[in-house]
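Student: So that we are looking at the same thing, I have put the structure below in structure tokens.
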Amino acid sequence: MTEPRTVELDLATSGVDAAGHPTRIPLGVTDPSGSREPDLDAEHMLLNVGPQHPATHGVLRLVVELDGEVVKRVVPHIGYLHSGFEKLGEYRHYNQIIPLTDRTDYLAPMANNVGLAMAAEQLMGIEITERCKVLRVIACELSRIISHLVWFGTTAIDIGAFTPFLWTFQEREKVYNLQEAWTGARLTTSLTRVGGMMADIPEGFEGELRAFCAFFPSVLDEVDRLLMRNAIWIGRTQGIGPMTAEEAINYGLSGPMLRASGVAYDVRKDRPYLDYETYDFDVPIGEHGDVYDRYLVRMEEMRQSVRILEQAVARLPDGPLNVDDPRVILPPKTAAMSDMEAMIFHFKQVMEGVPAPVGEVYFSIENGKGELGYYFVSDGTAKPVRWRIRPPSLLNVAALPKMAEGHLFADMIAINASIDIVMGEIDR
Amino acid sequence: MNPSIEPLRREFGDSVGRASVSCGQTIVYVHRDRVRDILRWLKETPGEDYDFLVDLTAVEYRDAERPLEVVYQLRSLTRNAELRVKVELGKAEPLTVDSVMPLWQAANWLEREVYDMFGIRFQDHPDLRRLLMWETYAEGYPLRKDFPLRGRFSRSEQVRQALAANPEAHYSMEELSIAETQYSLPAEMRERLERGQRGQIPEPVESSDD
Chain A
101 MTEPRTVELD LATSGVDAAG HPTRIPLGVT DPSGSREPDL DAEHMLLNVG PQHPATHGVL
161 RLVVELDGEV VKRVVPHIGY LHSGFEKLGE YRHYNQIIPL TDRTDYLAPM ANNVGLAMAA
221 EQLMGIEITE RCKVLRVIAC ELSRIISHLV WFGTTAIDIG AFTPFLWTFQ EREKVYNLQE
281 AWTGARLTTS LTRVGGMMAD IPEGFEGELR AFCAFFPSVL DEVDRLLMRN AIWIGRTQGI
341 GPMTAEEAIN YGLSGPMLRA SGVAYDVRKD RPYLDYETYD FDVPIGEHGD VYDRYLVRME
401 EMRQSVRILE QAVARLPDGP LNVDDPRVIL PPKTAAMSDM EAMIFHFKQV MEGVPAPVGE
461 VYFSIENGKG ELGYYFVSDG TAKPVRWRIR PPSLLNVAAL PKMAEGHLFA DMIAINASID
521 IVMGEIDR
Chain B
2 MNPSIEPLRR EFGDSVGRAS VSCGQTIVYV HRDRVRDILR WLKETPGEDY DFLVDLTAVE
62 YRDAERPLEV VYQLRSLTRN AELRVKVELG KAEPLTVDSV MPLWQAANWL EREVYDMFGI
122 RFQDHPDLRR LLMWETYAEG YPLRKDFPLR GRFSRSEQVR QALAANPEAH YSMEELSIAE
182 TQYSLPAEMR ERLERGQRGQ IPEPVESSDD
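Those protein sequence lines, which keep their order, are chains A and B.
Per my numbering, the first sequence runs over residues 101 to 528.
Per my numbering, the second sequence runs over residues 2 to 211.
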């Protein structure tokens, strides 16, 4: 019996033999001293997963040390989608940063837009209008639903259930149609502006949204019935990748990951923004912090989002959408073309931007993945000195080694799926 | 002003510097040598309970004279209070500060990112590697103000370097050590590692196609 050691398997084929068959490569790198087959019982295997791998949900790369099928160590590598958004933000006006946020968490772009605009508004001391607040709540909750639907479908596929994916993506399509009608885009929404919105909701939007809210819970019940008491699903998810409440706090987890571990922290409840304290909704929490509890928490969150949406549509007030401040909000195009003063404001805003006072702000919202924070430092100019995104997925996926080590390799895939990562946000 | 500032000053005296409020959020500057003690005190003292490290990042100002700042965004989940603690690192001194990983595992990747982007070293961090950029990245620290927006090297030079990189450049030393345990690294690669050649970037060449 030799000492435990690690070999790297070369799974590529180096060519074909004379008969045209792929050359057989011996399992494990051969011993330089002779032709002995390696003793696989005593060996650990180094396996590279990703960055191009369907179960890593983007360009996450995991280097895994395996003892048989058991994960001994996971070393995640990120950065394959790094675009330097934070650096780019330092060279842009606050409104020009909004398109960058579309591309961070690209599964829920509208919520990112809202978070960024609100951080800038807090920095500049701008109070937005009532109608704008309610519309932003609608944008945030629709984003949460589509984000969770993607998570739900892809997680089910990772664990081996294909049908829920089709059902949830059909519903997701309806939200995307709403989003497209509102913003003109399915992905790069750029919905908000500092002090208001890019556009008001189009005609018929409220009716469509009401119809969605009426129908969507029945679909949720259907997919839930497929999985909630499904023996295979339970066997694959219960007790997998558990995090205690203490660990979850120590690792800085947020959102459904934190709440599944039993910590009832929701930014909407505990540090309310957009008048969330006036909406009636519940914050679901889990008990065991495993993959199954995360599933339950996210399912319930979608139902609660529907409740919030119904209340928001019911209370949607008339009135102005944007703040009445020509230094912040662009004048209407017709005014800019015909009115001297409006043209000056238009020119100054486009050329010089909106200066923020000296100071700094950390503002966070609860988006689908967790607590999305924006940290601005301003030196009094129209461009931030520092723009920092606090990406929830980054901190959540940093706990993957802690959760996955000791589990089977296939369970690591389930755990990774349950984190609900989006690489655009992790790598920024 | 956050009520935690008063007892913090009583406990740590001169190590706690100026405190201010911006947008209703309290910022307190502390001395670099005591940062871990101060954060431990804030985390573990009953009545303070700042148990959640929300974010850890750094700021460099456009004013080149101004020191860099490491920013700790703390939150007490039980008391629902927030506090921002900052450490100033003068540019003339070495950019080092104690790691807070003994207090929060969350600091692991956040400190790696600050190291990656600003070049600030966190003492006692067990695995201080670049996080977003690859380990052999040789252009410096992207979020520093003296780093040009489009990078130091041209796109063609970046491609050339990427293609010229050795296979081991894509693995961390930790992973290589797993494979190295016996004999599974090719002899030629092991020799390169022993010569300390991992991470060496060939000299940039002048290119005409940029």
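Ideal Cβ positions, reconstructed from N, Cα and C, are used throughout, including at glycine.
Am I right that R486 of chain A and V60 of chain B are in contact with their C-beta atoms under 8 Å? What's the rounded C-beta distance?
Tutor: Contact holds; Cβ gap of about 5 Å.
Student: Within the chosen definition, does the segment 429 to 442 of chain A reach the segment 461 to 471 of chain A through at least 3 CB pairs nearer than 8 Å?
Tutor: They do not touch, by the three-pair rule.
Student: Compare the C-alpha of I444 of chain A against each of A:P426, A:P457, A:P455, A:R310 and name the closest.
Tutor: The option with the nearest alpha carbon to I444 of chain A is A:P426.
Student: Please name the residue, chosen from A:V174, A:H144, A:L223, that lies closest to P455 of chain A on a Cα-to-Cα basis.
Tutor: The residue with the shortest Cα to Cα distance from P455 of chain A is A:L223.
Student: To the nearest angstrom, how far is it from the Cα of F269 of chain A to the Cα of V250 of chain A?
Tutor: Those two C-alpha atoms are separated by around 7 Å.
Student: Just checking: is the beta-carbon of L495 of chain A within a distance shorter than 8 Å of some beta-carbon in chain B?
Tutor: Yes, its Cβ sits closer than 8 Å to a Cβ of chain B.
Student: Quick one: does D99 of chain B have its CB under 8 Å from some CB of chain A?
Tutor: So, not an interface residue.
Student: DSSP state of T229 of chain A, grouped into three classes?
Tutor: Looking at T229 of chain A - three-state DSSP - the assignment turns out to be coil, as it is neither helix nor strand.
Student: Measure the CB-CB distance between A555 of chain A and I246 of chain A and report whether it falls below 8 Å.
Tutor: Missing from the structure shown is residue 555 of chain A; chain A here goes from 101 to 528 and no further.
Student: How big is the Cα-Cα spacing for G134 of chain A and M145 of chain A?
Tutor: Because G134 of chain A sits at a pLDDT of 47, beneath the cut-off of 50, its placement in the model cannot be relied upon, and the following sentence gives the value as read from the coordinates. Spanning the two alpha carbons is a distance of roughly 20 Å.
Student: Give the interface partners of L416 of chain A over in chain B, defined as CB-CB distance under 9 Å, in chain order.
Tutor: Those do not exist, as L416 of chain A stays about 29 Å from chain B at its closest Cβ, beyond 9 Å.
Student: Quick one: what's L162 of chain A bridged to in DSSP?
Tutor: Paired residue(s): A:V149, A:P176.
Student: Cβ atoms of M523 of chain A and G158 of chain A: under 8 Å apart, would you say?
Tutor: Their beta carbons are under 8 Å apart, which means G158 of chain A touches M523 of chain A by this criterion.
Student: Using a Cβ cut-off of 7 Å, pull out every chain A residue sitting near E176 of chain B, in sequence order please.
Tutor: Correct list: L146, V163, V175.
Student: Strictly below 7 Å CB to CB, what residues from chain B border Q411 of chain A?
Tutor: The contacting residues do not exist; Q411 of chain A stays about 24 Å from chain B at best.
Student: Are the Cβ atoms of V529 of chain A and P264 of chain A separated by less than 8 Å?
Tutor: Within the shown structure, residues of chain A are numbered from 101 to 528, placing residue 529 of chain A beyond reach of any answer.
Student: Would DSSP call G470 of chain A helix, strand or coil?
Tutor: Note: G470 of chain A maps to strand in three-state DSSP.
Student: Is the Cβ of L9 of chain B closer than 8 Å to any Cβ of chain A?
Tutor: Chain A contact via Cβ: absent.
Student: Is S173 of chain B close to chain A? Criterion is C-beta to C-beta, closer than 8 Å.
Tutor: Cβ-Cβ to chain A under 8 Å: yes for S173 of chain B.
Student: Could you give the first and the last residue of the continuous alpha helix (DSSP H) run that contains A211 of chain A?
Tutor: Unbroken alpha helix (DSSP H) run through A211 of chain A: 209 to 224.
Student: Are L374 of chain A and V237 of chain A close, meaning C-beta to C-beta below 8 Å?
Tutor: It is a contact, given that the beta carbons lie within the stated cut-off.
Student: Using DSSP's beta-bridge definition, name the partner residues of A20 of chain B.
Tutor: Note: A20 of chain B sits in a beta bridge opposite B:V29.
Student: With a cut-off of 8 Å on the beta carbons, I'd call V294 of chain A and A217 of chain A a contact; round off their distance for me.
Tutor: Sure, about 5 Å apart at Cβ, within 8 Å.
Student: With a Cβ-Cβ cutoff of 8 Å, do H279 of chain A and T289 of chain A count as a contact?
Tutor: Here the sequence assigns Gln to residue 279 of chain A, which means His is not the residue at that position. Yes, these two residues count as a Cβ contact at 8 Å.
Student: Since G184 of chain A meets chain B, which of its residues come closer than 7 Å, beta carbon to beta carbon?
Tutor: Simply P143.
Student: How many angstroms separate the CA atom of F315 of chain A from the CA atom of E70 of chain B?
Tutor: Taking the straight line from one Cα to the other gives about 51 Å.
Student: By the 7 Å beta-carbon criterion, what residues does the segment 221 to 234 of chain A contribute toward chain B?
Tutor: For the segment 221 to 234 of chain A, which is checked against every Cβ of chain B, the residues closer than 7 Å are Q222, L223.
Student: Examine chain A for any beta-carbon lying closer than 8 Å to the beta-carbon of Q162 of chain B, and answer yes or no.
Tutor: No, no contact with chain A.
Student: Which of the three DSSP states is assigned to A256 of chain A in this structure?
Tutor: A256 of chain A falls in the helix class under three-state DSSP.
Student: Just confirm the distance between the C-beta atoms of V497 of chain A and P176 of chain A, as a whole number of angstroms; I'd bet it's less than 8 Å.
Tutor: Right, their Cβ atoms sit about 6 Å apart.
Student: Tell me, please, whether the CB atom of A498 of chain A is closer than 8 Å to any CB atom in chain B?
Tutor: It does; some Cβ of chain B falls within 8 Å.
Student: Can you pull the DSSP bridge partners for V86 of chain B?
Tutor: Beta-bridge pairing links V86 of chain B to B:V29, B:Y73.
Student: On the DSSP bridge list, what partners appear for R293 of chain A?
Tutor: DSSP lists A:G296 as partners of R293 of chain A.
Student: For V55 of chain B, which residues in chain A fall below 8 Å Cβ to Cβ?
Tutor: Residues of chain A passing the Cβ test: G352, Y462, S464, E471, G473, R490.
Student: For H182 of chain A, name the three-state secondary structure that DSSP assigns.
Tutor: H182 of chain A falls in the coil class under three-state DSSP.
Student: Checking contacts by CB at 8 Å: is K448 of chain A closer than that to chain B?
Tutor: Chain B contact via Cβ: absent.
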